[in-house]
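A.B. asks: Quick one: structure below, then a few questions.
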Amino acid sequence: MVRIEVIMVLAVGLVACSGGMDRGESGLSGEELFLRHCSGCHPEGGNSKYPRKSLDRFTLAANGIHTADDIVDVMRHPDQGMTRFDRRTIGDADARKIAGYVLTAFK
22 MVRIEVIMVL
32 AVGLVACSGG
42 MDRGESGLSG
52 EELFLRHCSG
62 CHPEGGNSKY
72 PRKSLDRFTL
82 AANGIHTADD
92 IVDVMRHPDQ
102 GMTRFDRRTI
112 GDADARKIAG
122 YVLTAFK
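At position 31 of the sequence shown the residue is numbered 52 (this note's numbering), and the sequence of numbers has no breaks.
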């Protein structure tokens with residue numbers, strides 16, 4: 022019985038240390054990730070540096086941004102003045118969560 026308990030503890034420890042967090046799998050929602058990484062410059066979907074480039078659908082579309090992949094591309098390769106978010110800073114899964122949130126939250 023004790024041996025099974027020890028094996029279970031080791032198995033849980035191995036899973037917990039498997040590096041899932043390093044791959045950008047934060048477990049946070051798109052909204053939580055947006056608030057953490059983006060809301061400083063994009064409060065409530067606006068744009069504190071360039072007010073004409075807010076995150077509403079019409080403005081995004083006018084700038085050629087239509088899909089979640091387009092948003093992730095801007096996060097990875099932004100215009101001058103925007104912080105670059107590489108895969109080490111925000112993993113692909115979390116970047117897609119942020120993009121999905123932007124597309125649904127700021128209509």
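All C-beta atoms, glycine included, are put in the ideal place defined by N, C-alpha and C.
Which of the three DSSP states, helix, strand or coil, is assigned to residue 128?
C.D. replies: coil
A.B. asks: Is the segment 45-54 touching the segment 86-101 in the sense that three or more CB pairs, one from each, lie closer than 8 Å?
C.D. replies: no
A.B. asks: Looking at the structure shown, is residue 88 part of a helix, part of a strand, or coil, going by DSSP?
C.D. replies: coil
A.B. asks: What did DSSP end up calling residue 122 once you bin it into helix, strand or coil?
C.D. replies: Residue 122: helix per DSSP, three-state reduction.
A.B. asks: In chain order, what residues of the same chain have a beta carbon less than 7 Å from the beta carbon of residue 70, not counting five sequence neighbours either side?
C.D. replies: 62 and 102
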